[in-house]
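In the working numbering, the protein residues as written are 13 to 151.
Shown next, in structure tokens, is the structure this report addresses.
Here it is, written out as structure tokens:
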């Protein structure tokens with residue numbers, strides 16, 4: 013049954029992603045922070061099994077054909093999701109509607125804020141389409 017095989021492949025990729033990110037998650041002091049980041053990373057791995065999970069510059073990222081799609085980093089009061097500046101500008105209104113703060117290259121999400129998976133999906137989908145065929149890591 014090819015559906016069962018595809019499901020198993022997706023589960024294996026998700027488990028692989030989380031194995032790759034284990035050491036990073038262990039650096040987060042608070043269990044709530046580890047849980048939130050693990051939830052987001054798992055969600056990305058589940059919904060985008062074709063993306064490759066990596067750690068670069070001590071941060072979890074997902075890449076596709078060698079180009080950056082999305083990554084994040086944690087700090088004391090928030091974590092930063094980084095879909096690149098072009099994507100942040102494009103989705104600026106939706107980011108503000110989600111009540112997230114932005115810098116040029118990051119979206120700051122407080123630990124207490126809910127995760128807007130619909131917005132994250134739009135940004136990841138956009139990056140995958142916009143960067144299709146791109147060979148450099150950054151735009």
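Here a beta-carbon is modelled for each residue, glycine too, at the ideal position from N, C-alpha and C.
Here residue 110 carries a coil assignment [DSSP, helix/strand/coil]. Listed in chain order, the non-local C-beta contacts of residue 146 below 8 Å within the same chain comprise 77, 79, local neighbours out to five positions each way being set aside.
Sixteen is the threshold: since fewer than 16 other Cβ atoms of the shown chains lie within 10 Å of the Cβ of residue 126, the residue is exposed. In this structure, DSSP gives residue 75 an extended state, which the three-state scheme calls strand.
Per DSSP, residue 90 is one residue of the beta strand (DSSP E) stretching across 90-94. In this structure, residue 93 sits near residue 82, with a CB-CB distance shorter than 8 Å. Between residue 44 and residue 150, the gap from beta carbon to beta carbon reaches 8 Å or more. Here the C-alpha atom of residue 95 lies approximately 10 Å from the C-alpha atom of residue 103. The Cβ neighbour count for residue 90, taken over all protein chains shown within 10 Å, is at least 16; the residue is labelled buried.
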